[in-house]
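Heads up: the structure comes next, in structure tokens.
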Amino acid sequence: MQISTRTEDFIVDTLKLHNFIGPYLGEVFTDPTKRKVMHGADRDVLWLQRDFGVYICNLFDTHQVCRK
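In UniProt numbering, the protein residues as written are 1 to 68.
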């Protein structure tokens, strides 16, 4: 998984860190005050929910915008 903030970029090994993804990222991904920008997020949203129990609030999907 690739995650970027305004100042840093991260690559997360979701297999190695599987047990930590939900607890650490869940709080950030559900925070409605933080915008999450993804491209073609349909499958990402699905596996984040299914595999890690992580739900996403305030998501902007650039792929969906391009389709209109």
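From the three backbone atoms N, C-alpha and C, an ideal C-beta is built for every residue, glycine too. It should be emphasised that the depicted structure is a prediction, and the values quoted were computed from it without experimental measurement.
Inter-residue Cα distance where the pair is residue i and residue j
i	j	result
aspartate 9	isoleucine 3	6 Å
leucine 59	threonine 14	21 Å
valine 37	histidine 18	22 Å
arginine 67	leucine 46	20 Å
alanine 41	phenylalanine 52	15 Å
lysine 34	glutamine 64	19 Å
isoleucine 11	isoleucine 56	19 Å
aspartate 44	methionine 1	9 Å
glycine 22	proline 32	17 Å
Which listed residue (the options) has its alpha carbon closest to that of residue i
i	options	result
phenylalanine 20	Thr62, Val54, Asp61	Val54
threonine 30	Gln49, Gly40, Val12, Lys16	Gln49
Identity of the residues DSSP links to residue i by a beta bridge
i	result
isoleucine 3	Phe10
Query raised in the report: Along the chain, which unbroken stretches of the beta strand (DSSP E) at least 3 residues long are found entirely within the segment 10-65?
Result: Segments of the beta strand (DSSP E) lying fully in the segment 10-65: 36-38, 59-61.
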